[in-house]
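Participant: Pasting in a structure now, in structure tokens, and then I'll have a few things to ask.
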Amino acid sequence: SIFLMARGWRRASTPMDGSFLYLKDPSQRQGAVVDELPPVPPGVLRLAFISDTHEQHEKVKIPEVDILLHCGDMLLANRHFTTGYSEGKLEAFLKWFATQPAKHKVFIAGNHDLVIESLGAEAVRKRLPPGVTYLESDAVELEGLKIWGCPASTGKSGNKAFQKGEDPCGELGKVPEGADVVLTHVPGTWCGQLSDALEKRKPKVHACGHVHRKYGVHRIGQVLSVNAAVVDDAYAVSKLAIVVDVPGPKEQCASG
Numbered sequence: 001s002i003f004l005m006a007r008g009w010r011r012a013s014t015p016m017d018g019s020f021l022y023l024k025d026p027s028q029r030q031g032a033v034v035d036e037l038p039p040v041p042p043g044v045l046r047l048a049f050i051s052d053t054h055e056q057h058e059k060v061k062i063p064e065v066d067i068l069l070h071c072g073d074m075l076l077a078n079r080h081f082t083t084g085y086s087e088g089k090l091e092a093f094l095k096w097f098a099t100q101p102a103k104h105k106v107f108i109a110g111n112h113d114l115v116i117e118s119l120g121a122e123a124v125r126k127r128l129p130p131g132v133t134y135l136e137s138d139a140v141e142l143e144g145l146k147i148w149g150c151p152a153s154t155g156k157s158g159n160k161a162f163q164k165g166e167d168p169c170g171e172l173g174k175v176p177e178g179a180d181v182v183l184t185h186v187p188g189t190w191c192g193q194l195s196d197a198l199e200k201r202k203p204k205v206h207a208c209g210h211v212h213r214k215y216g217v218h219r220i221g222q223v224l225s226v227n228a229a230v231v232d233d234a235y236a237v238s239k240l241a242i243v244v245d246v247p248g249p250k251e252q253c254a255s256g
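The opening position of the sequence shown corresponds to residue 1 in UniProt numbering, with each subsequent residue numbered one higher.
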């Protein structure tokens with residue numbers, strides 16, 4: 001099967017108990033595995049992060065949130081498959097993504113998502129269901145939060161989508177002023193320009209994936225950085241969506 005081919009000799013990890021990994025605010029240095037989430041406090045926005053679903057998105061439990069964010073690698077291994085096959089898998093992901101219990105859904109691409117790079121951002125956006133946003137080195141404002149996403153990455157994988165630029169680290173370092181949430185496929189520590197930009201811009205949350213075994217809660221300086229890759233190195237879904245409660249914009253808090 002495709003997944004056996006991807007796993008090779010690697011063993012699947014033991015799945016995590018619980019439903020979600022939860023942080024009640026971005027200042028926390030570790031999350032708590034919970035079966036149920038507490039009520040959302042007034043003036044707070046609830047975000048859920050996932051990454052590296054690799055065509056197994058239906059196995060991931062998604063909570064009711066304000067914004068659901070995916071950090072790339074929706075697909076598996078495009079170098080082995082036809083464009084038509086991958087387009088079908090992308091459509092299946094988008095259909096699932098649009099039905100999840102979030103007011104807004106945002107995603108970027110990863111190095112396995114060659115069909116997205118081949119189609120181009122404009123063509124991808126024409127396929128999006130209502131409520132779904134695709135970011136490619138640009139930003140969107142949702143619920144008063146400025147969200148910036150960039151798919152560029154570096155690495156030695158045979159899957160090289162969005163790795164062809166002359167300076168991928170330079171692209172990752174273009175985090176704009178005022179960004180509240182930053183999405184990248186690679187971890188912030190992989191590129192000095194990215195880690196420097198995160199420490200300078202100080203978003204509420206940075207989220208990434210790509211390195212499956214680095215799932216969890218990290219910090220880059222004072223910035224919360226979550227690796228939301230839900231599969232292990234054997235490409236088995238064994239991790240949980242990461243939920244972070246963040247303070248809403250001051251105007252929203254005052255009016256709410």
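Yeah, the Cβ is synthetic: ideal placement off N, Cα and C, and Gly gets one too.
Since ALA228 and ALA207 should fall inside the 8 angstroms C-beta cutoff, what is the C-beta to C-beta distance between them, to a whole number of angstroms?
Facilitator: 6 angstroms between Cβ atoms; contact.
Participant: If we ignore side chains and look at the alpha-carbon of each, how far apart do LEU183 and VAL223 end up?
Facilitator: About 13 angstroms.
Participant: Write down the C-beta distance between LYS204 and ASP180 rounded to the nearest angstrom, noting that I regard them as a contact closer than 8 angstroms.
Facilitator: 5 angstroms
Participant: Thinking C-alpha only, which one of GLU91, GLY31, GLU177, ALA92 is nearest LYS146?
Facilitator: GLU177
Participant: Indicate whether PRO161 and LEU114 have their beta-carbon atoms separated by less than 8 angstroms.
Facilitator: Here the sequence assigns Ala to residue 161, which means Pro is not the residue at that position. It is a contact, given that the beta carbons lie within the stated cut-off.
Participant: Per the contact definition of three or more C-beta pairs closer than 8 angstroms, is the segment 62 to 78 in contact with the segment 46 to 53?
Facilitator: yes
Participant: Taking one C-beta from the segment 136 to 155 and one from the segment 232 to 249 each time, how about it: are there three or more such pairs within less than 8 angstroms?
Facilitator: yes
Participant: For GLY31, is the classification buried or exposed, using 16 other Cβ atoms within 10 angstroms of its Cβ as the cut-off for buried?
Facilitator: It is buried - the Cβ of GLY31 has at least 16 other Cβ atoms within 10 Å.
Participant: Between which two residues does the beta strand (DSSP E) containing GLU141 stretch?
Facilitator: 138 to 142
Participant: Are the Cβ atoms of PRO168 and SER153 separated by less than 8 angstroms?
Facilitator: The answer is yes: Cβ separation under 8 angstroms.
Participant: Please report the residue range of the alpha helix (DSSP H) in which VAL175 lies.
Facilitator: VAL175 -> no alpha helix (DSSP H), and no H or E assigned at all.
Participant: How should PRO151 be labelled, buried or exposed, when 16 other C-beta atoms within 10 angstroms of its C-beta is the threshold for buried?
Facilitator: buried
Participant: Considering only C-alpha positions, which residue in the set LEU69, GLN100, SER27, ARG219 is nearest to GLY149?
Facilitator: LEU69
Participant: Please list, in chain order, all residues of the same chain as LEU4 whose beta carbon is under 8 angstroms from its beta carbon, the five residues on each side excluded.
Facilitator: Legend: pLDDT at LEU4 = 43, less than 50; position of this residue unreliable, no value from coordinates given.
Participant: For my contact list, HIS212 and HIS185 are in at a C-beta cut-off of 8 angstroms; report their separation, rounded to the angstrom.
Facilitator: About 12 angstroms; that fails the 8 angstroms criterion.
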